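Structure record follows, encoded as structure tokens.
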Amino acid sequence: MKFTKMQGIGNDYVYVNCFEETVKDPSAVAKFVSDRHFGIGSDGLILIKPSEIADCEMDMYNLDGSQGAMCGNGIRCVAKYAYDYGIVDKTSISVATKSGIKYLDLTVENGKVSLVKVNMGSPILHAKQIPVVAETEQVIDAPIEVDGETYCITAVSMGNPHAIVFMDDIENLEIEKIGPAFENHMFFPDRVNTEFVKIIDEHTVQMRVWERGSGETQACGTGACAVAVASILNGRVDGDSPVTVKLLGGDLQIFWSRQDNLVYMTGPAATVFDGEIDLSFLGE
1 MKFTKMQGIG NDYVYVNCFE ETVKDPSAVA KFVSDRHFGI GSDGLILIKP
51 SEIADCEMDM YNLDGSQGAM CGNGIRCVAK YAYDYGIVDK TSISVATKSG
101 IKYLDLTVEN GKVSLVKVNM GSPILHAKQI PVVAETEQVI DAPIEVDGET
151 YCITAVSMGN PHAIVFMDDI ENLEIEKIGP AFENHMFFPD RVNTEFVKII
201 DEHTVQMRVW ERGSGETQAC GTGACAVAVA SILNGRVDGD SPVTVKLLGG
251 DLQIFWSRQD NLVYMTGPAA TVFDGEIDLS FLGE
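Note that my numbering gives residue 98 to position 98 of the sequence shown, counting from 1, and the numbers run on in steps of one.
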């Protein structure tokens, strides 16, 4: 199988051009290629496929083989791949995902995409649609008991469910312990991605993320969008300006346009290397 390793601020995936390749069992392939000792090493697998309703389609699989609905850093890399490898020849494109069609604007330098702005759509705040088990219509700064401690969370979906927790110290957070407790909490029937957030100033926040199916990652695009929305809803940042979200792998610029209720994410995308991997033992 031919593949391309790509990353968006450290959120790395193995990308396969399914205009040319066929992947019979993407769940099994995702688990194999994601392994950093016996495979390629990544946060998962993303298939770039033909689409009848968009310029291309992306299917995303986590490193545990589960399928995700959307990946903000991943879709930027899909856009870069589509342009750099000749699937499209324009700088405004559409990509079909499990959470709907997303529209992207590409910045091209020296013939290659360097920066991608993604219209991530409207944030979902209705508890049942996220989904979250709650008696209220929205979950904003609401207390929840996790692993014997009480946390206040704000729940947002940007195609994936997110629980945002504000705290003063995220550097010393035992995320390997608390992350799984959030992910598998009965409050979240489809599991949840959890962002632990420190406010830097009215325009800047810092976050760590525990992603369902992947654990702690360098970055999470939908998570950064959810964090910006939650920070604005809780009055912790200026809602009229872009929010800089600082992740372990780098920074993303997030702007929630209240006028049209759309969230825009801008960030880099990079190709690491191209290669081939033998999947014959998987029956591929």
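Every residue gets a Cβ at the ideal spot worked out from N, C-alpha and C, and that includes glycine.
Remember, it's a predicted structure, so these values are computed and weren't measured experimentally.
Practice task
Give the secondary structure of C225 by DSSP, where H, G and I count as helix, E and B as strand, and everything else as coil.
Solution key: Walking along the sequence shown from the start, residue 225 turns up at place 225. DSSP places C225 in helix when its eight states are reduced to three.
Handout entry: Presumed contact (8 Å Cβ cut-off) between N119 and Y264, rounded CB distance
Key = Counting from 1 along the sequence shown, the entry for residue 119 is found at position 119. Counting from 1 along the sequence shown, the entry for residue 264 is found at position 264. Indeed they touch by this definition, with Cβ atoms about 6 Å apart.
Exercise for the section: Decide if the stretch 187-198 is in contact with the stretch 149-163; the criterion is three or more beta carbon pairs, one per stretch, under 8 Å apart. Expected result: Three or more pairs of CB atoms, one per stretch, sit closer than 8 Å, so the stretch 187-198 contacts the stretch 149-163.
Handout entry: Cβ shell of V139 (< 7 Å), same chain only, five flanking positions each side left out
Key = Counting from 1 along the sequence shown, the entry for residue 139 is found at position 139. Setting aside the 5 residues that flank it on each side, V139 is surrounded in the same chain by A127, V132, I153, T154 and A155, each with a C-beta closer than 7 Å to its C-beta; the list follows chain order.
Problem - Spatial distance of D43 from A134 (CA atoms) - result: The sequence position of residue 43 within the sequence shown is 43, counting from 1. The sequence position of residue 134 within the sequence shown is 134, counting from 1. One C-alpha to the other measures close to 31 Å.
Practice task
Spatial neighbours of R191 within its chain, please: CB distance less than 8 Å, with the 5 preceding and 5 following residues excluded, ordered by chain position.
Solution key: Looking up residue 191 in the sequence shown gives position 191. When the five nearest sequence neighbours on each side are left out, the beta carbons in the same chain lying within less than 8 Å of the beta carbon of R191 are those of P161, E183, N184, R212 and G213, in order along the chain.
Practice task
Just grab the DSSP bridge partners of R208 for me.
Solution key: For this step, residue 208 is matched to residue 208 along the sequence shown. Here R208 is bridged, per DSSP, to F196.
Handout entry: CB of L247 within 8 Å of CB of A219, strictly
Key = Taking the sequence shown and counting its residues from 1, one reaches residue 247 at position 247. Taking the sequence shown and counting its residues from 1, one reaches residue 219 at position 219. Their beta carbons are under 8 Å apart, which means L247 touches A219 by this criterion.
Handout entry: Closest Cα partner of A226 within the set G283, E149 and M207
Key = Against the sequence shown, residue 226 aligns to sequence position 226. Of the candidates G283, E149 and M207, the one whose C-alpha sits nearest the C-alpha of A226 is M207.
Practice task
Using beta-carbon positions only, say whether G68 and M60 come within less than 8 Å of one another.
Solution key: Working through the sequence shown from its first residue, we reach residue 68 at position 68. Working through the sequence shown from its first residue, we reach residue 60 at position 60. Cβ distance < 8 Å, so G68 and M60 count as in contact.
Exercise for the section: Assuming F32 contacts I87 (C-beta within less than 8 Å), just tell me the rounded distance between them. Expected result: Taking the first residue of the sequence shown as position 1, residue 32 is located at position 32. Taking the first residue of the sequence shown as position 1, residue 87 is located at position 87. About 25 Å separates the two Cβ atoms, so there is no contact after all.
Practice task
Using the DSSP secondary-structure output, state which residues sit across from L47 in a beta bridge.
Solution key: Along the sequence shown, one-based indexing puts residue 47 at 47. Within the DSSP bridge table, the entry for L47 names V16 and D59 as partners.
Handout entry: Identity of the residue in V272, A28, T266 and D141 nearest L282 by Cα
Key = The residue you call residue 282 lines up with position 282 of the sequence shown. Checking every option, the nearest Cα to that of L282 belongs to A28.
Exercise for the section: Would you mind reading off the limits of the beta strand (DSSP E) that contains A142? Expected result: Translated into positions along the sequence shown, residue 142 becomes position 142. Counting along the chain, the unbroken beta strand (DSSP E) around A142 starts and ends at A142 to V146.
Exercise for the section: Please say whether G250 and I75 have beta carbons closer to each other than 8 Å? Expected result: Along the sequence shown, read from residue 1 onward, the residue named residue 75 stands at position 75. Along the sequence shown, read from residue 1 onward, the residue named residue 250 stands at position 250. It is not a contact, given that the beta carbons lie outside the stated cut-off.
Handout entry: Member of V113, D105, S34 and R36 whose CA lies at the smallest distance from the CA of A270
Key = Here the question's residue 270 lines up with position 270 in the sequence shown. Put simply, of V113, D105, S34 and R36 the residue whose alpha carbon is nearest the alpha carbon of A270 is V113.
Exercise for the section: Below 8 Å on the Cβ atoms is my guess for V23 versus M1; work out the distance and round it to an integer in Å. Expected result: Sequence index remark: in the sequence shown, residue 23 carries index 23 (1-based). Sequence index remark: in the sequence shown, residue 1 carries index 1 (1-based). 7 Å between Cβ atoms; contact.
Problem - Simplified DSSP state of G273, which is helix, strand or coil - result: Along the sequence shown, one-based indexing puts residue 273 at 273. Looking at the sequence shown, residue 273 is not Gly but Phe. The three-state secondary structure of F273, taken from DSSP, is strand.
Problem - Pairwise C-alpha distance: D55 and G65 - result: Here residue 65 is taken as the residue at index 65 of the sequence shown, counted from 1. Here residue 55 is taken as the residue at index 55 of the sequence shown, counted from 1. Looking at the backbone, the Cα of G65 and that of D55 are separated by about 26 Å.
Exercise for the section: Report the rounded CA-to-CA distance for Y151 versus V108, giving the unit in angstroms. Expected result: Counting from one through the sequence shown, the residue named residue 151 turns up at place 151. Counting from one through the sequence shown, the residue named residue 108 turns up at place 108. Looking at the two C-alpha atoms, the distance is approximately 43 Å.
Practice task
Starting from C100, trace the beta strand (DSSP E) both ways and give me its first and last residue.
Solution key: Along the sequence shown, read from residue 1 onward, the residue named residue 100 stands at position 100. In the sequence under discussion, the amino acid at residue 100 is Gly, which differs from the Cys named in the question. Taken as a continuous stretch (DSSP letters only), the beta strand (DSSP E) holding G100 covers G100 to E109.
Practice task
Assign S157 to one of three DSSP states: helix, strand, or coil.
Solution key: The sequence position of residue 157 within the sequence shown is 157, counting from 1. Reduced to three states, the DSSP call for S157 is strand.
Handout entry: Reference N172, options K198, A181, D278 and E149, closest by Cα
Key = Taking the sequence shown and counting its residues from 1, one reaches residue 172 at position 172. Selection K198, A181, D278 and E149 evaluated against N172 yields K198 as nearest (Cα-Cα).
Problem - Supposed close pair W256, G239 - CB separation, criterion 8 Å - result: Position 256 of the sequence shown, counted from the start, is the residue given in the question as residue 256. Position 239 of the sequence shown, counted from the start, is the residue given in the question as residue 239. 7 Å between Cβ atoms; contact.
Handout entry: Neighbourhood of P123 by C-beta, 8 Å cutoff - its chain only, sequence neighbours within 5 removed
Key = For the purposes of this step, residue 123 is identified with residue 123 of the sequence shown, where counting begins at 1. Answer for P123: V156, S157, M158, C225, A226, V229, W256, N261 and V263, listed in chain order.
Problem - Presumed contact (8 Å Cβ cut-off) between Y83 and L106, rounded CB distance - result: Reading the sequence shown from its first residue, position 83 is the one you call residue 83. Reading the sequence shown from its first residue, position 106 is the one you call residue 106. About 6 Å separates the beta carbons of Y83 and L106, which is inside the 8 Å limit, making them a contact pair.
Exercise for the section: Decide if Q7 is buried, meaning its Cβ has at least 16 other Cβ atoms within 10 Å, or exposed. Expected result: In the sequence shown, the residue the question calls residue 7 occupies position 7. Counting the other Cβ atoms within 10 Å of the Cβ of Q7 gives 16 or more, which makes it buried.
Practice task
Give a yes or no on whether the C-beta atoms belonging to I40 and Y15 are separated by under 8 Å.
Solution key: Against the sequence shown, residue 40 aligns to sequence position 40. Against the sequence shown, residue 15 aligns to sequence position 15. Against a cut-off of 8 Å, the Cβ pair of Y15 and I40 comes out as no contact.
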